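Working notes, structure below.
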Amino acid sequence: MAKKKSKSRIQKFINYTKEAFFWPVHLTILSIITGIAALGVLTIPDLLNLEPEMASTTVSSIIMMAGGLELMVLSWISQNPRFIRAINAKYQKDIDAFQKTKTLVEYYNELTLESQQRFDKMRKRIKEVREGFKKLNTTVPNLVNSFVNKMNAIELSYVRLLYFKDKFPELTNETVIQRTVQEIDRLNQELKTASSRLRKIKEKRLRLLEMRMDNYYKVRENREVIEEQLQTIEEMVEYIKDQPMTLQNTEREDIMIDNLLFETEQTQQTMEEIENLMQSEFYPGVADDFDLESEGPGDMGYEDRLKD
């Protein structure tokens, strides 16, 4: 699935037909076809002693055949797997930069105003660090390029952490947690006297509420971890920005970034798992379990509808 999406994205980004037209192999074949066609137009009518009208028809046929052959060659080149891989490699850097910017914008637009302002400050610092280390590019280009790519990854991790920090603010609300606890207590009491049919429904609701409680505490705990990691990123970027731009410092800070990226990736994976769990939990028919007894036609409660 990921490969199909990636392929689709790249195909939208690149005009393979245009690239194939200017491909050296195609230009060579085009020159040969054009030369043969020109030779045929100049020599065939005279060789066959054709009348003017017949000669004109023959010339038109030769030009059409040459054009058709050229279009076939162009189509074959533009769809050739080796050609497509070569073009993808040529534009991969541009594609990655485009996708990174697109992803950053998508996360940024989901942030609260406070988080957007916080990210704007961090992005300015990261830009200063990148520009500073690019000055070393003539000395150690591979190391500096790797370092710049990791700073880009830090920037993306930072905005994703902000996104997850803002994602579930209601889940750490004490009122919501207290309401869930009360609902669990009430269901436990009702299960003692519920009929077998009602018991199954109430047990299902109880399991969902307990899952929600687990998620509340997981989110609260991870929000605290996220804030610590956000502050760590900010301090690390500030530290790097204040250091002299030397090869030795670059190597040391490269290791620091690797460790931090690993830690933030672990947190992001945890938050994604929680997000997926919450989305699967609130599917239609289950999403409104808090209000199951109050929903339905007229004033009839959920338990009354079951009895009927």
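For reference, each letter of the sequence shown is one residue, going -19 to 288 in this note's numbering.
Glycine residues also receive a C-beta, built at the ideal position from the N, C-alpha and C atoms.
If you're wondering where the values come from, they're calculated on a predicted model, not measured in any experiment.
Supposed contact pair residue j and residue i - C-beta distance, whole angstroms, cut 8 Å
i: residue 38; j: residue 24; result: 6 Å
i: residue -1; j: residue 67; result: 5 Å
i: residue 63; j: residue 3; result: 7 Å
i: residue 185; j: residue 167; result: 6 Å
i: residue 251; j: residue 144; result: 4 Å
Residue burial classification, residue i (beta-carbon count within 10 angstroms, cutoff 16)
i: residue 161; result: exposed
i: residue 310; result: Given a span of -19 to 288 for the chain in the structure shown, any question on residue 310 remains unanswerable.
i: residue 235; result: exposed
i: residue 5; result: exposed
i: residue -5; result: exposed
i: residue 187; result: exposed
i: residue 265; result: Low confidence applies to residue 265: its pLDDT is 35, below 50, so where it sits in the model is not reliable enough to give any reading.
i: residue 244; result: buried
i: residue 267; result: Caution is warranted here: a pLDDT of 39 is assigned to residue 267, below 50, making its placement in the model unreliable, and the coordinate value is therefore given only provisionally. When all chains shown are included, residue 267 counts as exposed.
i: residue 175; result: exposed
i: residue 41; result: exposed
Cβ-Cβ distance between residue i and residue j below 8 Å
i: residue 131; j: residue 106; result: yes
i: residue 133; j: residue 210; result: no
i: residue 142; j: residue 200; result: no
i: residue 136; j: residue 80; result: yes
i: residue 49; j: residue 13; result: yes
i: residue 181; j: residue 247; result: no
i: residue 146; j: residue 84; result: no
i: residue -3; j: residue 54; result: yes
i: residue 102; j: residue 214; result: yes
When the options are compared against residue i, the one with the closest alpha-carbon
i: residue 113; options: 102, 99, 128 and 103; result: 128
i: residue 158; options: -4, 193 and 93; result: 193
i: residue 109; options: 243, 221, 244 and 238; result: 221
i: residue 87; options: 216, 58, 191 and 138; result: 138
i: residue 36; options: 204, 21 and 244; result: 21
i: residue 295; options: 60, 179, 104 and 19; result: Absent from the model: residue 295. The displayed extent of the chain is -19 to 288, so no value can be given.
i: residue 156; options: 197, 59 and 237; result: 197
i: residue 212; options: 70, 195 and 237; result: 237
i: residue 56; options: 75, 82 and 1; result: 1
i: residue 140; options: 96, 233, 179 and 176; result: 96
Proximity test, Cβ basis, 8 Å: residue i and chain B
i: residue 219; result: Structure shown: chain B not included; a single protein chain is present.
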